[in-house]
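Here the protein sequences come in this chain order: A and B.
The working numbering numbers the first residue of the first sequence as 1 and each following residue consecutively.
The working numbering numbers the first residue of the second sequence as 250 and each following residue consecutively.
Encoded as structure tokens, the structure appears first; notes follow it.
Number of protein chains: 2
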Amino acid sequence: MDDIQNILKNRRTIRSYSDRDVDRDLLNDILEMGCRASTTGNMQVYSIVVTRDSDKKKELAPCHFNQPMVTSAPVVLTFCADFNRFNKWCLAREAVPGYDNFLSFFTAAIDALLVAQTVCVAAEAAGLGICYLGTTTYTADKIIEVLGLPRGVVPVATITLGWPAEEPEQVDRLPLDAVVHEEEYSDYTNEKIDILYREKEARSDSKLFIAENNKKTLAQVFTDVRYTKKDNEHFSEVFLKVLKNQGFL
Amino acid sequence: MDDIQNILKNRRTIRSYSDRDVDRDLLNDILEMGCRASTTGNMQVYSIVVTRDSDKKKELAPCHFNQPMVTSAPVVLTFCADFNRFNKWCLAREAVPGYDNFLSFFTAAIDALLVAQTVCVAAEAAGLGICYLGTTTYTADKIIEVLGLPRGVVPVATITLGWPAEEPEQVDRLPLDAVVHEEEYSDYTNEKIDILYREKEARSDSKLFIAENNKKTLAQVFTDVRYTKKDNEHFSEVFLKVLKNQGFL
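In structure tokens:
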């Protein structure tokens, strides 16, 4: 278990990649491992779009707010909830699919995300570095256009993939008992919150982050700058419209 | 890379567990590895509820349609999208959270699912067996009651965990090119569907499955028996109501 322990415990997100390409056979091998992840009823209601072409990456870049990894990484992988293939199979087999609803979207999203994360572990085990782009759900409508995703298909996660050209510090995490509950959910008092966030708030990088953003507390950097109510509400509308247009609402 | 390759390539879902308990330190170690998974903006908007108590498992069992793994596994893990802790932190730090919307739910669900899948890989690497219960989203309202999940928290995945007492055959998967698209989504013609599903449909277990369910095609087993339109629509309503009640819609 030691090797995998090291990989999982010491992992860090990689945003800077060397020029070395990712071999096609290696990538296929990694994707095969990803597809061994659990899938609802073995329906495999997901698709993975592999982007290597530099023009295509340039088209995708604005969908990810021009984060430089999109064009600098050798490979971009877009993981999609996909009932289109399954529906087509049903229709070709005298079966009437009933997957044009929210539950089916969420089922397919779970499938896609389990594959995505398994691909990440497999990639990191091979020495590659990955970065998730949280922008996928914000601009799903534009990604659908760029990648030509038909009805029944919704992008839910994107990762950039390549050989690491950096070795960043590992970022912090809350203590395990902040996120784990025994038997029942044990809700958080203000005192408990103070204890659980103490270490995070005491970090010099947190303090720098507050100062850079001209805020008083670290939490304000999230609520006022990084993930604002206004943005969240706007992108909620966009994403719900995508679900409707793609036939899930 | 060999060890992890073996683990990821040869994995299979385990539904039968030995009496041997899962050591608390081992479980914590696995959960720690899970929490190293990528998380949106390092917000860690998820929680994990650990169920070991047999009475609690009995309470959970009907939420999972009494699948026997719930009571027979030494450990049941419920992974939740959780903005409650983050919101409480914000409110205690003069920050006004804006996470009562669909995008925030989906962000937290992604976080929770990446942790869940990393926990599964770590568990399997330690020799444990896991099984995902697809019932979590169907009965989220009941799980919320049993586990006492407050507003801001929604269960999105459950796994049972234990030492394997079986070595089942590995189940089939579609060929890789069924789910992978190069540069753009390449939609499926009926001919392509025939090719991609040929091997699956020719399997003796598929034929048995059709016969057992008195159906004409394998697809009909899914549409008419396992994942029907009626059920999907019913559970969509339940789940959307849960999102509303928990403050995300």
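For every residue, glycine included, the Cβ atom is placed at its ideal position computed from N, Cα and C.
From a predicted model like this one, the values you see are computed outputs, not experimental measurements.
When you compare each of the options to residue i by their alpha carbons, which one comes out closest?
i: threonine 302(B); options: Gln316(B), Val294(B), Pro323(B) and Thr288(B); result: According to the sequence displayed, residue 302(B) carries aspartate and not threonine. Of the candidates Gln316(B), Val294(B), Pro323(B) and Thr288(B), the one whose C-alpha sits nearest the C-alpha of aspartate 302(B) is Pro323(B).
i: glutamine 469(B); options: Ile159(A), Pro155(A) and Phe86(A); result: Phe86(A)
i: alanine 37(A); options: Leu257(B), Leu423(B) and Met282(B); result: Leu257(B)
i: aspartate 172(A); options: Glu281(B), Glu343(B) and Pro417(B); result: Glu281(B)
i: tyrosine 295(B); options: Glu448(B), Asp304(B) and Cys284(B); result: Cys284(B)
i: asparagine 42(A); options: Ile210(A), Phe83(A) and Lys216(A); result: Phe83(A)
i: cysteine 90(A); options: Gln419(B), Glu343(B) and Thr438(B); result: Thr438(B)
i: aspartate 29(A); options: Val429(B), Arg342(B) and Val491(B); result: Val429(B)
i: isoleucine 48(A); options: Ser321(B), Asp473(B) and Glu431(B); result: Glu431(B)
i: serine 321(B); options: Asp270(B), Gln293(B), Leu275(B) and Thr289(B); result: Asp270(B)
i: glutamate 199(A); options: Ala178(A), Glu212(A) and Tyr185(A); result: Ala178(A)
i: valine 121(A); options: Ser236(A), Asn10(A) and Gln67(A); result: Asn10(A)
i: glutamine 44(A); options: Pro168(A), Thr107(A) and Pro155(A); result: Thr107(A)
i: threonine 300(B); options: Leu174(A), Tyr185(A) and Leu218(A); result: Tyr185(A)
i: glutamate 418(B); options: Phe497(B), Gln254(B) and Arg261(B); result: Arg261(B)
i: phenylalanine 471(B); options: Arg93(A), Ile4(A), Asp25(A) and Phe239(A); result: Arg93(A)
i: valine 153(A); options: Lys192(A), Phe248(A) and Thr217(A); result: Phe248(A)
i: lysine 270(A); options: Arg24(A), Leu26(A), Glu212(A) and Phe102(A); result: Given that chain A is displayed from residue 1 to residue 249, the structure contains no residue 270(A) and the question cannot be resolved.
i: leucine 174(A); options: Leu425(B), Asp272(B) and Thr288(B); result: Thr288(B)
i: glycine 127(A); options: Leu26(A), Asp194(A) and Ser104(A); result: Leu26(A)
i: lysine 253(A); options: Lys192(A), Thr217(A), Lys142(A) and Tyr197(A); result: Residue 253(A) cannot be examined here, being either before or after the span of chain A that is shown, 1 to 249.
i: lysine 337(B); options: Val368(B), Gln316(B) and Pro399(B); result: Pro399(B)
i: valine 225(A); options: Val70(A), Ala211(A), Gln67(A) and Asp187(A); result: Ala211(A)
i: alanine 389(B); options: Ile253(B), Asn255(B), Leu425(B) and Gln495(B); result: Gln495(B)
i: threonine 137(A); options: Pro155(A), Ile195(A), Ala125(A) and Arg24(A); result: Pro155(A)
i: glutamate 237(A); options: Asn255(B), Phe354(B), Ala330(B) and Arg273(B); result: Phe354(B)
Under 8 Å Cβ-Cβ, which residues of chain B neighbour residue i?
i: serine 32(A); result: Residue identity differs from the one stated: residue 32(A) is glutamate in this sequence, not serine. Chain B residues near glutamate 32(A): Lys258 and Leu425.
i: asparagine 4(A); result: First, the amino acid is wrong: residue 4(A) is isoleucine here, not asparagine. Neighbours of isoleucine 4(A) on chain B, chain order: Asp252, Ile253, Ile256, Val370, Ala371 and Ala374.
Closer than 7 Å by beta-carbon distance: list the chain B residues that pair up with residue i, in chain order.
i: asparagine 101(A); result: Asn481, Glu482 and Ser485
i: lysine 88(A); result: Tyr437 and Ile442
i: leucine 128(A); result: Those within 7 Å of leucine 128(A) in chain B number zero; the least Cβ separation is about 10 Å.
For residue i, which residues in chain A fall below 8 Å Cβ to Cβ?
i: glutamate 343(B); result: Lys216, Thr217, Ala219 and Gln220
i: arginine 475(B); result: Gly41
i: lysine 490(B); result: Within 8 Å Cβ-Cβ: nothing; lysine 490(B) doesn't reach chain A, min ~11 Å.
i: alanine 330(B); result: Within 8 Å Cβ-Cβ: nothing; alanine 330(B) doesn't reach chain A, min ~11 Å.
i: glycine 219(B); result: Residue 219(B) cannot be examined here, being either before or after the span of chain B that is shown, 250 to 498.
Could you check whether the Cβ of residue i sits closer than 8 Å to any Cβ belonging to chain E?
i: isoleucine 110(A); result: The structure shown contains no chain E; its protein chains are A and B.
Which residues of chain A have a Cβ atom closer than 7 Å to the Cβ of residue i, listed in chain order?
i: threonine 384(B); result: Per Cβ cutoff of 7 Å: no residues; threonine 384(B) is ~10 Å from chain A at best.
i: alanine 460(B); result: Those within 7 Å of alanine 460(B) in chain A number zero; the least Cβ separation is about 16 Å.
i: leucine 363(B); result: Leu113 and Gln117
Using the beta-carbon of each residue, which ones in chain B are nearer than 9 Å to residue i?
i: glycine 98(A); result: Thr472, Tyr476, Thr477, Lys478, Lys479, Asp480, Asn481 and Glu482
Take every Cβ of the segment 57-65 of chain A, pair it with every Cβ of the segment 133-150 of chain A, and state whether three or more of those distances are shorter than 8 Å. yes
What residues in the segment 261-279 of chain B bring their beta carbon closer than 7 Å to a beta carbon of chain A? Thr262 and Asn277
Of all the beta strand (DSSP E) runs that stay within the bounds of the segment 2-26 of chain A, which reach a length of 3 or more residues? none
May I ask you to list, following chain order, the residues of the segment 429-454 of chain B that have a beta carbon less than 7 Å from some beta carbon of chain A? Val429, His430, Glu431, Glu432, Glu433, Tyr434, Asp436, Tyr437, Asn439, Ile442 and Tyr446
Segment contact, 8 Å Cβ cut-off, at least three pairs: the segment 125-141 of chain A with the segment 159-168 of chain A: yes
Identify every run of the alpha helix (DSSP H) within the segment 164-230 of chain A, keeping only runs that are complete inside it and at least 4 residues long; order them along the chain. 176-179, 190-202 and 204-212
Just to confirm the assignment: which complete beta strand (DSSP E) runs, minimum length 3, are found wholly within the segment 95-173 of chain A? 129-133 and 153-162
Between the segment 330-349 of chain B and the segment 224-231 of chain A, can you find at least three pairs of beta-carbon atoms closer than 8 Å? yes
Between the segment 41-73 of chain A and chain B, which residues of the former have CB atoms less than 9 Å from a CB of the latter, in chain order? Those would be Gly41, Asn42, Met43, Gln44, Tyr46, Ser47, Ile48, Val49, Val50, Thr51, Arg52, Asp53 and Lys56, in chain order.
Between the segment 106-120 of chain A and the segment 358-372 of chain B, do at least 3 Cβ pairs fall closer than 8 Å? yes
Using 8 Å as the threshold, is the segment 159-179 of chain A in touch with the segment 10-18 of chain A, meaning 3 or more CB pairs across them? yes
Given 8 Å as the limit, is there contact between the segment 441-455 of chain B and the segment 75-83 of chain A, that is, 3 or more CB pairs closer than that? The segment 75-83 of chain A and the segment 441-455 of chain B do not touch, with fewer than three beta-carbon pairs separated by less than 8 Å.
Tell me which residues of the segment 137-170 of chain A have at least one Cβ-Cβ distance to chain B shorter than 8 Å, keeping chain order. Residues Thr137, Tyr138, Leu147, Gly148, Leu149, Pro150, Val153, Val156 and Ala157.
Give the list of continuous alpha helix (DSSP H) stretches no shorter than 4 residues that lie fully inside the segment 277-335 of chain B. 303-309 and 318-321
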